[in-house]
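First residue of the sequence shown? That's 839 in the working numbering, and the numbers climb one at a time after it.
Please read the structure below before turning to the comments.
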Amino acid sequence: MPGDIRALLLDDSNFDRARIRRLSQRTGLSIQLDEVDSIDAMDQAVINENYDLILIDYRLPVGDGLVALDHILQNDQNRDAGKIMITGNGAVDTAVQAMRGGCHDYLRKDDMDEEMLHCAIVNALTVARERRAQTANLQEQQGMIKDALLNAMNDQELRKNVVTMFKQEFDSMTGLRKARLTDLSPAEIDALISGFSEEDDFIFH
């Protein structure tokens, strides 16, 4: 069960905000809910506060929920918050776009109840936390690979082994096929390293 949840609700309707607030109070979760009625107000809120969860109504008088989602993803403080898109009934395409665009769950506004809201909140927070962990692990792995690569470039024998290990990925990079590993710029090294996924097996001792 999540602990205290700092949440933000974006919805231009006073009635709908009040309804969602009441539902949130019946979820059994400890939610501190801030409310805004426009993307501009949301932009200010995410600058001033750190949120665990952001609920976004798709239908807005200016812009829409996907625009709001894009604004959140550009905010360093809150891009990793759990995000839920609230759509109208039957808005399957919108829900799919939202999930592909960075939301962690969605709800249909008209048939939402406290149980659905509870499940969506817990799921969004869980998925967001898992994605943060995956990103951190990948960044750590790529950092280790970069450090090992840069260190190996200073040793003639190790350099040969590194060139062999990276050859397949290196050769696939447009414009670098005939380049030498030691001639790569830091940006090109980063691009090379980023081609490796979490499944790649690197062992450092």
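No residue lacks a Cβ here, since even glycine has one placed at the ideal position from N, Cα and C.
DSSP beta-bridge partners for residue i?
| i | result |
| --- | --- |
| residue 921 | 892 |
| residue 869 | 843 |
| residue 902 | 897 |
Just to confirm my understanding: we take residue i, look at its own chain, exclude 5 residues before and 5 after, and list those with CB closer than 7 Å. What are they?
| i | result |
| --- | --- |
| residue 903 | 894, 895, 896, 923, 936 |
| residue 918 | 966, 970 |
| residue 968 | none |
| residue 958 | 922, 943, 945 |
The alpha helix (DSSP H) with residue i in it runs from where to where?
| i | result |
| --- | --- |
| residue 845 | From DSSP, residue 845 is part of no alpha helix (DSSP H) but of the beta strand (DSSP E) over 843-848. |
| residue 938 | 930-939 |
| residue 854 | 852-863 |
Leaving out five residues on either side along the sequence, give the residues of the same chain with a beta carbon under 8 Å from the beta carbon of residue i.
| i | result |
| --- | --- |
| residue 948 | 926, 927 |
| residue 854 | 895, 947 |
| residue 841 | 868 |
| residue 877 | 848, 898, 900, 901, 905, 906, 909 |
| residue 886 | none |
| residue 859 | 847, 871, 873 |
| residue 863 | 869 |
Just curious, the beta strand (DSSP E) that residue i is in, first and last residue?
| i | result |
| --- | --- |
| residue 875 | Where residue 875 is concerned, there is no enclosing beta strand (DSSP E), given that its DSSP letter is neither H nor E. |
| residue 948 | Segment: none, residue 948 is in no beta strand (DSSP E) and carries neither H nor E. |
Leaving aside the five residues before and after residue i along the sequence, list all residues of the same chain whose C-beta is less than 6 Å from its C-beta, in chain order.
| i | result |
| --- | --- |
| residue 844 | 870, 889, 890 |
| residue 920 | 891, 942, 962, 963, 966 |
| residue 865 | 952, 955, 956 |
For the putative contact between residue i and residue j, defined by C-beta atoms under 8 Å, what is the C-beta separation to the nearest angstrom?
| i | j | result |
| --- | --- | --- |
| residue 911 | residue 872 | The pair is not a contact, with the Cβ atoms about 19 Å apart (cut-off 8 Å). |
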